[in-house]
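Please read the structure below before turning to the comments.
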Amino acid sequence: MQAKQHSTAISLQHWNTAMMRHWLSLKQVTLLIVSLFIAASASAAIITPTHVVAFGDSLSDDGNFYAATGNTSPPAPYWNGRFSNGPVWVEQYAAGQGATLDGWAVGGAQTGTINNNGAPFDGMTTQVANYVAGLGGGGVTNASTTLFTLWGGANNFLAMLPGDDPIAVLTGAITDIGNMIGALAGVGAQHFVVLGLPDLGLTPSKIAEGAAAQASASAISDVFNLQLANLLAGAPFSAMDITQIDTYYLMQDVVANPGTYGLTNVTQPCFDSTVPSLCGNPADYAFWDPIHPTAAMHGLVAAQVPVPGAVWLFVSALGLLGWTRRKAA
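Here the numbering used here is used: the first residue of the sequence shown is 33, the next is one more, and so on.
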């Protein structure tokens with residue numbers, strides 16, 4: 033399946049920043065500096081990309097599944113073939129950076145060659161292989177300003193059957209991600225963003241299944257992210273410019289503190305095709321359907337990707353702390 037390349041001229045959806053309008057205590061400033069330092073050092077080189085190349089599943093699909101079905105699925109009220117009510121996170125991120133998006137992600141993709149929707153839809157490993165093949169034996173053009181994003185793994189677990197070994201599924205998914213990064217690095221890719229699993233136990237789908245299903249999904253998500261971190265901390269990945277995004281903590285914090293993010297409903301889907309029903313205020317919801325986030329939630333994910341401005345904020349925060357200490361003295 034051939035990806036489509038386009039310029040993203042989409043208005044970013046801004047999340048609520050009310051908390052940042054309050055005066056910060058010395059302790060809060062210190063915590064802010066620590067968090068900014070972590071964000072600034074999470075990547076070897078925080079770049080302003082001119083190109084973004086995205087691989088993944090429905091969480092990053094910018095219309096590929098829709099195009100492959102003759103523009104029929106997902107149907108309205110899904111927005112322009114996205115599995116959401118608006119642009120997905122990588123579209124919002126690329127637009128914010130003024131970058132061209134080359135999207136290869138396909139809804140239903142597992143990390144390997146399998147897609148939960150069957151042929152002709154690609155798994156992530158096939159997406160990467162097709163991208164590499166499309167280079168015709170050459171390397172990545174404009175590699176120094178091209179950012180590669182990979183987000184997947186959820187469909188590996190959603191496709192599990194009774195009796196399947198979750199550890200084997202997890203190990204296979206992590207191995208796939210490592211192999212994909214290696215394949216891309218082999219053709220000159222330099223900068224990567226790899227997103228971990230969100231807390232799948234907090235999705236409306238798992239909430240409806242009950243506490244046991246929630247606990248199991250949360251545990252799988254957590255272990256997956258730990259193993260992903262272990263992979264990226266080891267050779268040869270530790271020497272690469274790879275930023276891991278913690279969507280697990282983000283989802284937990286959004287659910288625990290929805291008002292901070294400008295949301296009011298973080299447990300129910302805005303749209304439920306089984307009823308069917310559609311909420312009147314999707315911008316207030318975290319979930320569009322029982323498993324997919326709204327455009328507002330996608331915007332929160334996009335905001336997690338470090339940008340060069342984070343370094344300026346870090347330096348500014350250091351100066352603020354010094355000023356505060358001098359004033360206290």
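Idealized CB from N, CA, C, for every residue including glycine.
Quiz item: Is residue 48 helix, strand or coil when you go by DSSP?
Solution: Here residue 48 refers to the residue found at position 16 of the sequence shown. Low local confidence applies: a pLDDT of 30 at residue 48 is under 50, so the model's placement there is unreliable, with the coordinate-based value given in what follows. Of the three classes helix, strand and coil, the one that applies to residue 48 here is coil, per DSSP.
Quiz item: Between 323, 316 and 298, which lies nearest to residue 304 when the distance is taken from Cα to Cα?
Solution: Working through the sequence shown from its first residue, we reach residue 304 at position 272. Taking only the C-alpha atoms, the option nearest residue 304 is 323.
Quiz prompt | Cβ separation of residue 81 and residue 178, assumed to be a contact under 8 Å, to the nearest whole Å | solution = In the sequence shown, the residue the question calls residue 81 occupies position 49. In the sequence shown, the residue the question calls residue 178 occupies position 146. Yes, residue 81 and residue 178 are in contact; Cβ-Cβ is about 6 Å, under 8 Å.
Quiz prompt | Of the residues 289, 79, 318 and 290, the one placed nearest residue 176, counting alpha carbons only | solution = Within the sequence shown, numbered from 1, the residue matching residue 176 stands at position 144. Closest option to residue 176, Cα to Cα, is 79.
Quiz item: In chain order, what residues of the same chain lie with their CB nearer than 7 Å to the CB of residue 259, ignoring the 5 residues before and after it?
Solution: One-based indexing of the sequence shown puts residue 259 at position 227. Closer than 7 Å at Cβ, skipping near neighbours: 202 and 206.
Practice problem: Report buried or exposed for residue 326, applying the criterion of at least 16 other Cβ atoms within 10 angstroms of its Cβ. | Solution: Here residue 326 refers to the residue found at position 294 when the sequence shown is read from its first residue. With 16 or more Cβ atoms within 10 Å of its Cβ, residue 326 is classed as buried.
Self-check item: Opening and closing residue of the beta strand (DSSP E) in which residue 224 lies
Solution: One-based indexing of the sequence shown puts residue 224 at position 192. Here the beta strand (DSSP E) through residue 224 covers 223 to 227.
Quiz item: What does a CB cutoff of less than 6 Å around residue 234 pick up in its chain, not counting 5 residues either side in sequence?
Solution: For the purposes of this step, residue 234 is identified with residue 202 of the sequence shown, where counting begins at 1. If we look at residue 234 and ignore the five residues flanking it on each side, its Cβ neighbours are 283 and 287.
Quiz prompt | Helix, strand or coil at residue 191 [DSSP, three-state] | solution = Looking up residue 191 in the sequence shown gives position 159. Coil at residue 191, not helix or strand.
Quiz prompt | Of the residues 214, 209, 231 and 159, the one placed nearest residue 281, counting alpha carbons only | solution = Position 249 of the sequence shown, counting from 1, holds the residue named residue 281. The option with the nearest alpha carbon to residue 281 is 231.
Self-check item: Limits of the unbroken alpha helix (DSSP H) element including residue 333
Solution: Your numbering for residue 333 matches position 301 in the sequence shown. Element bounds for residue 333: 327 to 334.
Quiz item: For the candidate residues 329, 254, 149 and 236, whose alpha-carbon lies nearest to that of residue 292?
Solution: Here the question's residue 292 lines up with position 260 in the sequence shown. Closest by alpha carbon: 329.
Quiz item: Rounded to a whole number of angstroms, what is the C-alpha to C-alpha distance between residue 189 and residue 198?
Solution: The sequence position of residue 189 within the sequence shown is 157, counting from 1. The sequence position of residue 198 within the sequence shown is 166, counting from 1. The straight-line gap from Cα to Cα measures roughly 7 Å.
Quiz item: At what residues does the alpha helix (DSSP H) containing residue 217 begin and finish?
Solution: Taking the sequence shown and counting its residues from 1, one reaches residue 217 at position 185. Per DSSP, residue 217 belongs to the alpha helix (DSSP H) from 198 to 218.
Quiz prompt | residue 252: first and last residue of the uninterrupted alpha helix (DSSP H) it sits in | solution = By 1-based counting over the sequence shown, the position of residue 252 is 220. Run containing residue 252: 243 to 265, per the alpha helix (DSSP H) assignment.
Quiz prompt | Secondary structure of residue 179, DSSP reduced to three states | solution = The residue labelled residue 179 in the question sits at position 147 within the sequence shown. Here residue 179 sits in strand by DSSP.
Quiz item: Which residues does DSSP pair with residue 301 in a beta bridge?
Solution: Start at 1 with the first residue of the sequence shown, and residue 301 comes out as number 269. For residue 301, which the question treats as bridged, DSSP gives the partners 319.
Exercise. Give the DSSP-derived three-state secondary structure of residue 126 in the structure shown.
Key: Sequence index remark: in the sequence shown, residue 126 carries index 94 (1-based). Correct three-state label for residue 126: helix.
Exercise. Could you spell out the range, first to last residue, of the beta strand (DSSP E) harbouring residue 165?
Key: On the sequence shown, position 133 is the one that residue 165 refers to. Here residue 165 belongs to no beta strand (DSSP E); instead the alpha helix (DSSP H) covers 156 to 166.
Self-check item: Simplified DSSP assignment, three categories, for residue 284
Solution: Numbered from its first residue, the sequence shown carries residue 284 at position 252. The answer is helix: DSSP assigns residue 284 an H, G or I state.
Self-check item: Secondary structure, beta strand (DSSP E): runs of 3+ residues fully inside the region 77 to 131
Solution: 83 to 88
Quiz item: Would you call the region 112 to 122 and the region 152 to 161 touching, i.e. three or more CB-CB distances under 8 Å?
Solution: no
Quiz item: Do you know how far the Cα of residue 229 is from the Cα of residue 253?
Solution: Locating residue 253 in the sequence shown gives position 221, where the first residue counts as 1. Locating residue 229 in the sequence shown gives position 197, where the first residue counts as 1. Residue 253 and residue 229: Cα-Cα distance of roughly 6 Å.
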